[in-house]
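Structure, as structure tokens:
Residue numbers (my numbering): 120 to 268.
Printed below as a string of structure tokens:
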């Protein structure tokens, strides 16, 4: 199940479009029967989570919390029970995303699509800790972005 929560009030989020992107990404990865949660919030709220979990006292665009935190990039999740059919959660600052979309000369929906692909890659073990990791993740992101509409 794709769970979307929007607790910020300033920026209109097209939840139907977001749900469509996520559905396509899960189908590409063959995780369509897995759960994922997405929470749209404010800069202030995401800053609190960023400070707690990443020790960074600033707002950010997206945070990813993988249910399978030991998964390696490219590795397929093999659920042992129905409860294991969970990718994790994404927290997105709508304010931060809107600002970045404008900087990148993109619509908010286009930028959210990019962020969601990025976040799901993190849920599946991809990261950008090293240059090599960054390249692998970027190739995966671009491949997925080409496949979704």
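Just so it is clear, CB atoms sit at the ideal spot from N, CA and C, and this is done for glycine as well.
Item                                                                                                                            : Value
Rounded separation between residue 129 and residue 241 - CA only                                                                : 27 Å
Residue of 266, 136 and 212 minimising C-alpha distance to residue 164                                                          : 212
Cut-off 7 Å between Cβ atoms - residues of its own chain near residue 133, not counting five sequence neighbours on either side : 228
Cβ pair count under 8 Å reaching 3, the region 143-152 against the region 183-192                                               : no
Given residue 198 as reference, the closest of 192, 191 and 206 once Cα atoms are compared                                      : 206
Closest residue to residue 209 among 248, 169, 177 and 176 (Cα-Cα distance)                                                     : 169
6 Å CB neighbourhood of residue 239 in its chain, flanking five on each side removed                                            : 144
First through last residue of the beta strand (DSSP E) which encompasses residue 209                                            : 205-212
Sub-9 Å separation of residue 246 and residue 192 beta-carbons                                                                  : yes
Rounded straight-line distance, which links the Cα of residue 167 to that of residue 177                                        : 8 Å
C-beta atoms of residue 161 and residue 127 nearer than 9 Å                                                                     : yes
Every unbroken alpha helix (DSSP H) inside the region 210-245 [4 residues or more]                                              : 213-222 and 227-242
Beta-carbon gap between residue 266 and residue 147 smaller than 9 Å                                                            : yes
Residue 252 (DSSP reduced to helix, strand or coil)                                                                             : helix
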